[in-house]
Amino acid sequence: MLVASLIAAGLRLVQVQGFEAAALAARAELQRATEIDVPATRGSIMDRRGVKLAFSVESRVLAYQPNAQRKAIEKFNREHPDAAQNYDERAGYVARILREELGTRINEQEIVDKLRHDTVFVYLVDKVEPARARRIQQKIPEINVEYRAEREYPNHTLASNVVGAASWRMEDPDVEKHNLHGLSGLELLRDNDLAGTPGRRVVDTQNDGGVVIPGTERDVQAATDGADLELTIDSDLQYFLQQRLSDYATRVGARSASAVIMDAHTGEIYALANDKSFDPSADEFDIDRMSDPAVTTPYEPGSVNKIVTALTAIEHGVTTPDARLQVPGSIRVADRTIGDAWNHGTLNMTTTGVFARSSNVGTLMLAQKVGPDRYADMLNRLGLGQRTGVGLPGESAGRVPPRVQWSGSTFGNLPIGQGLSMTVLQMAGMYQTIANDGVRVPPRIVRSKIYPDGTRVAEPRPEPITVVRKETAITVREMLRAVTQKAPGGNTGTAPNAALVGYQISAKTGTAQQVDRTTGRYSSSQYWITFAGILPADNPRFVVGIVLDAPNYGMPEGRTAAPLFHDVASFLAQTYSIPMSREPSPVVPLIAP
């Protein structure tokens, strides 16, 4: 019996190694252990009230293995010559079924062309509902069905420059198949938090590793889902700001526009908008609109920067709100002669009037009393020339020339908002400082991170920076109420149309010449129009910053963003039920007789 068994085993060994070796090797090649990702669910991005701005849904991708199916049909035809099959006919059948199940999104000829390729593997269609994919696979057993997570953006363009986009590409074999990846915005910057960690499982596969053999799953490692991000954004306010900003920019013919609304005390951003946005749910993104100019694109601020002189002069006792200055029609600074936006002889102006009427000459007179060193220190305290750390990709620090590089004429430019640049966030941050009684709180846009088990971890709060004394901030804030004042005798501020009935408003307008790239000199027709405002001035709740890029300066509304601020302030007052000011802003003299 032992000899007989050994003889049988030997004969079987000869058969396997000699006669069946090639066939068995081929079968082994087609059946192998494969490690497959267990996908993690990408976290959602939501606004401060829990409204989802981005979330993931499960879907399927349909694929095919043309070469393997050709071989299968050839083998079938050899074994069943009386029932021969045709691969091209099968390709047409597959295309027809897909068209019947998925409708007009399917072009039958394109599917047939893909199936006719001499290739191991080809993707056919993505974004298929799981139930529909199962039905298709019942009709076409050889079709491959892969898990996908599709990113949904239910509000389309809403806050898209902030939220960004995440996607995957069927055509790129190097992209991890089962996981979305951030392309822009918070989807990109916080990709590690959102994506989670995929798990792993081992399965046996056949047909070039593309088809899983049922019942072979083992060594499963569970995936760790990604965390949700809760933003400081209010989606209703964001929608209003985007729409109104875009409408205003179109009406005044601006090349672009950006705006921000932030909490006066915490620095939390309630809305951050650009006039142009993109739809991350579209099949093709508008690449040119995917950036966020509100944080990436600095500009010369113009007269909104006069707050630096105001704060420094009051903080160091150089002047008081009611102090009188003899302001001539122009002033000489180094080799430059600088005048005001309107022609005038010598005026007896109050310090409040200098800023409410936005006098370049009066501002430079005060700046010279302050001195360049104290002025430079205030620029630094206000965070100019430094990134805010808001938590968005591509943030610009703007530019402030180093103190050691200042020439005589530099100090004729900086106090009136030329020769330096900032983002709309940095600009609003200066006014947040006076709204918060002299304490600057850097802005932030992510409120907390929420893990899959429900654990909420608040984002680190930025460290507050004391810029000036409380008394100084309150004094400057009260001075700037006169900007929206309307009174006879030359006592009207530069933005009476920004006033809101029932509320005290502190504000500052700005107009900065743009550099003509052709000549390298300041243009006399293209301007940055800026506006910063505080609502309400007597009990600050919100700070609003607006910038318009080269609006039509020939039309009245193209010279100011005050009407836009008025609309935003009105919406804020109603939406957040902000109590009216206890008393109206007092009318103060700007130009004395």
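Going from the sequence shown to my numbering is simple: count from 1 and add 802.
Beta carbons: idealized from backbone N, C-alpha and C, even for Gly.
{"Check": "Which residue wins for smallest C-alpha separation from R1246, given the options A1300, T1139, P1342, I1035?", "Outcome": "I1035"}
{"Check": "Name the two residues that bound the continuous beta strand (DSSP E) containing M1064.", "Outcome": "1058-1065"}
{"Check": "Report the three-state DSSP secondary structure of M1281 (helix, strand or coil).", "Outcome": "helix"}
{"Check": "Assuming I847 contacts L988 under a Cβ cut-off of 8 Å, what Cβ separation, rounded to an integer in Å, is found between them?", "Outcome": "6 Å"}
{"Check": "Can you tell me where the alpha helix (DSSP H) holding S1372 begins and where it ends?", "Outcome": "1364-1377"}
{"Check": "Is there contact between the region 1132-1144 and the region 1202-1219, where contact requires at least three CB pairs shorter than 8 Å?", "Outcome": "yes"}
{"Check": "Exposed or buried, R953, counting other C-beta atoms within 10 Å across all chains shown (16 or more means buried)?", "Outcome": "buried"}
{"Check": "In angstroms, rounded to a whole number, what distance separates the CA positions of T915 and A865?", "Outcome": "What sits at residue 915 in the sequence shown is Asp, not Thr. Approximately 14 Å between the Cα atoms of the pair."}
{"Check": "What are the boundary residues of the alpha helix (DSSP H) that V1226 is part of?", "Outcome": "1226-1237"}
{"Check": "DSSP puts N1150 in a beta bridge; with which residues?", "Outcome": "Q1128"}
{"Check": "Between N1299 and L1392, which are expected to be in contact by the criterion C-beta below 8 Å, what is the C-beta distance as a whole number of angstroms?", "Outcome": "About 17 Å; that fails the 8 Å criterion."}
{"Check": "Quick one: is M803 buried, meaning 16 or more other Cβ sit within 10 Å of its Cβ, or exposed?", "Outcome": "exposed"}
{"Check": "How many Å lie between I899 and A1059 at the Cα?", "Outcome": "49 Å"}
{"Check": "Answer with buried or exposed for T1257, where buried requires no fewer than 16 other C-beta atoms within 10 angstroms of its C-beta.", "Outcome": "exposed"}
{"Check": "Would you call the region 1147-1163 and the region 1116-1128 touching, i.e. three or more CB-CB distances under 8 Å?", "Outcome": "yes"}
{"Check": "Where DSSP assigns a beta bridge to K877, which residues make up the other side?", "Outcome": "K877 is not bridged to any residue."}
{"Check": "Assuming V1345 contacts M1167 under a Cβ cut-off of 8 Å, what Cβ separation, rounded to an integer in Å, is found between them?", "Outcome": "About 28 Å; that fails the 8 Å criterion."}
{"Check": "Please report the Cβ distance between A1178 and G1187, rounded to the nearest whole angstrom; I am assuming they are in contact, meaning their Cβ atoms lie under 8 Å.", "Outcome": "Rounded, the Cβ-Cβ distance is 10 Å, inconsistent with contact."}
{"Check": "By the DSSP assignment, the beta strand (DSSP E) with S1325 in it spans what residues?", "Outcome": "1324-1337"}
{"Check": "So within the region 882-957, which uninterrupted alpha helix (DSSP H) runs reach at least 4 residues, ignoring any that extend past its ends?", "Outcome": "889-904, 910-917, 932-941"}
{"Check": "Going by DSSP, name the residue or residues bridged to M1092.", "Outcome": "Per DSSP, none; premise fails for M1092."}
{"Check": "On the three-state DSSP scale, how would you describe G1312?", "Outcome": "strand"}
{"Check": "Under 8 Å between the Cβ atoms of G1347 and A1334?", "Outcome": "yes"}
{"Check": "Give the single residue among E1102, I1116, S1161 whose Cα lies nearest to the Cα of T1225.", "Outcome": "E1102"}
{"Check": "Is it buried or exposed, A1056, if we count other Cβ atoms within 10 angstroms and call 16 or more buried?", "Outcome": "buried"}
{"Check": "Measure from the alpha carbon of S1079 to the alpha carbon of each residue in S1048, V1106, G1001, T1098, then state which is nearest.", "Outcome": "S1048"}
{"Check": "From what residue to what residue does the alpha helix (DSSP H) around S962 run?", "Outcome": "962-965"}
{"Check": "Which one of S1326, L1374, I1331 has the shortest CA to CA distance from P1338?", "Outcome": "L1374"}
{"Check": "Kindly indicate which three-state DSSP category S969 falls into: helix, strand or coil?", "Outcome": "strand"}
{"Check": "Excluding the five sequence neighbours on either side, which residues of its own chain have a C-beta within less than 8 Å of the C-beta of R1271, listed in chain order?", "Outcome": "E1117, G1240"}
{"Check": "In terms of residues, what are the limits of the alpha helix (DSSP H) holding V1172?", "Outcome": "1162-1172"}
{"Check": "What number of angstroms, rounded off, separates the C-alpha of T999 from the C-alpha of A967?", "Outcome": "19 Å"}
{"Check": "Just the Cα atoms here: how many angstroms apart are N1238 and W1330?", "Outcome": "27 Å"}
{"Check": "Helix, strand or coil: which one does DSSP assign to L1033?", "Outcome": "strand"}
{"Check": "Looking only at its own chain, which residues have a Cβ that is under 6 Å from the Cβ of Y1378, when we skip the five neighbours before and after it?", "Outcome": "none"}
{"Check": "Taking three-plus beta-carbon pairs below 8 Å as touching, is the region 1272-1289 in contact with the region 1347-1359?", "Outcome": "no"}
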